[in-house]
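There are 2 protein chains.
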Amino acid sequence: MNTIVARFKIIPGKEAEAEAAITKQAAAVEGNEPGALAYIFNRNLKDPSEITVFEVYADDAAITAHRATEHMAAFAALFGSIFDPASVKIERHERVAGFNR
Amino acid sequence: MNTIVARFKIIPGKEAEAEAAITKQAAAVEGNEPGALAYIFNRNLKDPSEITVFEVYADDAAITAHRATEHMAAFAALFGSIFDPASVKIERHERVAGFNR
């Protein structure tokens with residue numbers, strides 16, 4: 174189980190565009206990527222400008238496929254106008270134990 | 174959807190105990206807490222001593238129930254002998270968009 178945890182901040186004033194872009198991206202991943210097992214955008218309650226994405230993929234091939242999708246290209250093209258690129262932190266994780274249902 | 178992201182580090186040399194405690198805790202949550210929708214222990218690939226727990230609950234009542242369980246008390250009692258209490262960081266998040274399946 175391959176997990177990516179990505180964090181980034183919304184540019185002040187771009188909250189509505191951020192929510193629209195996030196909602197569209199999540200729906201596109203759900204509809205087109207069977208290898209994506211979870212793709213969750215969270216807002217940090219202490220700092221609502223900070224978004225954390227929790228992404229779980231079945232395997233490395235699913236990550237490669239994710240990166241090559243049209244919706245990922247569209248999200249990347251919009252990214253810098255909505256989110257602060259300097260705030261991006263990406264981590265790779267592997268599951269030790271647990272479940273989702 | 175209420176999410177908790179908890180991070181902490183394994184005390185060097187306690188890796189086997191950590192994996193056993195984590196596996197036991199995840200199984201107890203899965204078996205006894207219907208309000209826990211995800212409970213995933215991840216290892217950071219860049220720093221395998223760092224554990225991130227991604228916990229999704231149906232509502233606040235499920236979080237209150239989680240904290241009152243016997244398995245949580247047992248995990249907490251063991252915690253300081255396996256993990257570094259000074260390393261603990263806990264965040265509360267709310268879901269903006271996304272899915273798990």
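Chains as they are written, first to last, in our numbering: chain A, 174 to 274; chain B, 174 to 274.
Beta carbons: idealized from backbone N, C-alpha and C, even for Gly.
| Check | Outcome |
| --- | --- |
| How would you label A/Lys182, buried or exposed, when you count the other beta carbons within 10 angstroms and need 16 or more for buried? | buried |
| Quick one: list the residues of chain A neighbouring B/Glu192, beta-carbon separation under 9 Å, in chain order. | Val269, Ala270 |
| Taking all protein chains shown into account, do 16 or more other C-beta atoms lie within 10 angstroms of the C-beta of B/Arg274, making it buried, or fewer, making it exposed? | exposed |
| Got a sec: which bits of the region 241 to 255 of chain A sit with their beta carbon under 8 Å from any beta carbon on chain B, in order along the chain? | none |
| According to DSSP, simplified to helix, strand and coil, what is A/Lys182? | strand |
| Assuming contact is defined by CB atoms lying nearer than 8 Å, are B/Arg213 and B/Arg180 in contact in what I supplied? | Position check: residue 213 of chain B holds Ile in this sequence, whereas Arg was assumed. Taking 8 Å as the Cβ cut-off, B/Ile213 and B/Arg180 do not qualify as a contacting pair. |
| Compare the beta carbon distance of A/Val202 and A/Glu264 with 8 Å and say whether it is the shorter of the two. | no |
| Put A/Arg274 into one of helix, strand or coil per three-state DSSP. | coil |
| Using 8 Å for Cβ pairs, my map puts A/Lys197 next to A/Ile255. What's the rounded Cβ distance? | Not really, about 12 Å apart at Cβ, beyond 8 Å. |
| Along chain A, which residues have their Cβ under 9 Å away from the Cβ of B/Val178? | Val178, Asn215, Asn217, Thr225, Phe227 |
| Are the C-beta of B/Ala199 and some C-beta of chain A separated by less than 8 Å? | yes |
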